[in-house]
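In numbering that gives the first Met the number 0, the protein residues as written are 0 to 124. Each residue gets a CB set at the ideal place from its N, CA and C atoms; glycine is no exception. Since the model is a prediction, treat every value here as computed from it, not as a measurement. Written out below as C-alpha coordinates is the structure these notes cover.
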Amino acid sequence: MRFRTHLITSLLLGAVCYPRQPVQFASVVVGGTLIDLDHLVLYAMRTGDWSIVGALRYDRYRHLPLQPGDHRPRYGFLRSCLHRPMLSLPLCWGFAWRYAALRPVALGVTLHLILDRRWKGSVVH
(Lines of atoms letter the chains of each structure in order from A and count residues from 1; the text may use other names and numbers.)
(Lines give C-alpha, C1' and ligand atoms only; values in the text may rest on other atoms or scores of the structure.)
Protein backbone atom coordinates (compact mmCIF):
# COMPACT_ATOMS: atom_id res chain seq x y z
CA MET A 1 0.00 0.00 0.00
CA ARG A 2 1.36 3.38 -0.95
CA PHE A 3 1.85 6.19 1.56
CA ARG A 4 -0.50 8.50 -0.35
CA THR A 5 -3.27 5.89 -0.11
CA HIS A 6 -2.78 5.63 3.64
CA LEU A 7 -2.80 9.42 3.87
CA ILE A 8 -5.99 9.83 1.84
CA THR A 9 -7.89 7.08 3.67
CA SER A 10 -6.75 8.41 7.05
CA LEU A 11 -7.88 11.91 6.09
CA LEU A 12 -11.27 10.53 5.07
CA LEU A 13 -11.67 8.46 8.24
CA GLY A 14 -10.63 11.41 10.41
CA ALA A 15 -13.10 13.69 8.63
CA VAL A 16 -15.93 11.19 9.07
CA CYS A 17 -15.22 10.33 12.72
CA TYR A 18 -14.08 13.74 13.96
CA PRO A 19 -15.47 16.45 11.66
CA ARG A 20 -15.33 19.21 14.29
CA GLN A 21 -12.44 18.00 16.42
CA PRO A 22 -9.16 18.98 14.73
CA VAL A 23 -6.85 17.38 17.30
CA GLN A 24 -8.59 14.01 17.06
CA PHE A 25 -8.76 14.35 13.27
CA ALA A 26 -4.99 14.94 13.14
CA SER A 27 -4.42 12.01 15.52
CA VAL A 28 -6.21 9.62 13.15
CA VAL A 29 -4.01 10.86 10.30
CA VAL A 30 -0.85 10.50 12.40
CA GLY A 31 -1.80 6.96 13.44
CA GLY A 32 -2.70 6.01 9.89
CA THR A 33 0.48 7.27 8.26
CA LEU A 34 3.46 7.59 10.61
CA ILE A 35 3.52 3.87 11.33
CA ASP A 36 5.27 3.63 7.94
CA LEU A 37 8.36 5.39 9.30
CA ASP A 38 9.63 1.91 10.13
CA HIS A 39 10.21 1.33 6.40
CA LEU A 40 12.53 4.34 6.25
CA VAL A 41 14.39 3.31 9.41
CA LEU A 42 14.88 -0.27 8.19
CA TYR A 43 16.05 0.95 4.78
CA ALA A 44 18.52 3.32 6.42
CA MET A 45 19.83 0.63 8.77
CA ARG A 46 20.39 -1.81 5.91
CA THR A 47 21.92 0.68 3.47
CA GLY A 48 23.47 3.36 5.64
CA ASP A 49 21.58 5.93 3.52
CA TRP A 50 19.37 8.09 5.74
CA SER A 51 18.04 10.25 2.90
CA ILE A 52 14.34 10.19 2.15
CA VAL A 53 15.13 10.66 -1.55
CA GLY A 54 17.25 7.50 -1.55
CA ALA A 55 14.49 5.55 0.15
CA LEU A 56 11.91 6.80 -2.35
CA ARG A 57 14.16 5.87 -5.28
CA TYR A 58 14.66 2.42 -3.81
CA ASP A 59 10.91 2.03 -3.31
CA ARG A 60 10.29 2.78 -7.00
CA TYR A 61 12.37 -0.11 -8.28
CA ARG A 62 12.25 -2.70 -5.50
CA HIS A 63 9.11 -4.40 -6.81
CA LEU A 64 10.12 -4.33 -10.45
CA PRO A 65 11.26 -7.62 -12.00
CA LEU A 66 15.00 -8.02 -12.33
CA GLN A 67 16.30 -6.88 -15.69
CA PRO A 68 19.49 -8.13 -17.35
CA GLY A 69 22.36 -5.94 -16.18
CA ASP A 70 20.45 -4.60 -13.17
CA HIS A 71 22.80 -5.11 -10.23
CA ARG A 72 21.16 -2.76 -7.76
CA PRO A 73 20.79 -4.39 -4.35
CA ARG A 74 17.43 -5.51 -3.03
CA TYR A 75 17.10 -5.33 0.73
CA GLY A 76 14.18 -7.64 1.23
CA PHE A 77 11.39 -7.23 3.72
CA LEU A 78 11.24 -3.67 5.11
CA ARG A 79 8.57 -4.06 7.77
CA SER A 80 9.11 -4.08 11.48
CA CYS A 81 7.00 -5.72 14.16
CA LEU A 82 4.80 -2.60 14.10
CA HIS A 83 3.15 -4.08 11.01
CA ARG A 84 2.13 -7.28 12.80
CA PRO A 85 -1.54 -6.78 13.69
CA MET A 86 -1.64 -9.50 16.34
CA LEU A 87 1.13 -7.69 18.19
CA SER A 88 0.53 -4.01 17.55
CA LEU A 89 -3.28 -3.82 17.69
CA PRO A 90 -3.70 -5.24 21.20
CA LEU A 91 -0.94 -2.94 22.48
CA CYS A 92 -2.36 0.05 20.66
CA TRP A 93 -5.94 -0.52 21.80
CA GLY A 94 -4.78 -1.41 25.31
CA PHE A 95 -3.19 2.02 25.64
CA ALA A 96 -6.23 3.60 23.95
CA TRP A 97 -8.55 1.95 26.44
CA ARG A 98 -6.49 3.39 29.29
CA TYR A 99 -5.90 6.83 27.72
CA ALA A 100 -8.86 8.13 25.73
CA ALA A 101 -6.71 10.67 23.88
CA LEU A 102 -4.99 7.76 22.10
CA ARG A 103 -8.21 6.32 20.64
CA PRO A 104 -8.02 8.32 17.40
CA VAL A 105 -4.40 7.20 16.95
CA ALA A 106 -5.45 3.58 17.51
CA LEU A 107 -8.21 4.04 14.95
CA GLY A 108 -5.70 5.30 12.39
CA VAL A 109 -3.26 2.46 13.08
CA THR A 110 -6.08 -0.05 12.74
CA LEU A 111 -7.10 1.40 9.38
CA HIS A 112 -3.49 1.30 8.21
CA LEU A 113 -3.05 -2.35 9.14
CA ILE A 114 -6.39 -3.35 7.59
CA LEU A 115 -5.38 -1.72 4.33
CA ASP A 116 -1.97 -3.40 4.43
CA ARG A 117 -3.55 -6.81 5.04
CA ARG A 118 -6.07 -6.27 2.26
CA TRP A 119 -3.32 -5.70 -0.29
CA LYS A 120 -0.79 -8.14 1.20
CA GLY A 121 0.98 -10.02 -1.52
CA SER A 122 0.18 -7.46 -4.20
CA VAL A 123 2.80 -5.34 -5.89
CA VAL A 124 1.47 -2.19 -4.20
CA HIS A 125 3.03 -2.06 -0.69
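- With 16 or more neighbouring CB atoms inside 10 Å of its own CB, Thr8 falls in the buried class.
- Minimum Cα-Cα distance from Leu77 among the listed residues Tyr17, Gly68 and Ile34 corresponds to Ile34.
- By the CB criterion at 8 Å, Leu55 and Ser87 fall outside the cutoff.
- The alpha-carbon of Asp69 is positioned some 11 Å away from that of Leu63.
- A distance below 8 Å separates the beta carbons of Gly107 and Val28.
- Shown here, Ser79 sits in coil according to DSSP, grouped into three states, outside any helix or strand.
- Beta-carbon to beta-carbon, Leu114 and His5 are separated by about 6 Å, close enough to satisfy the 8 Å threshold.
- In the structure shown, the three-state DSSP call for Ser50 is coil.
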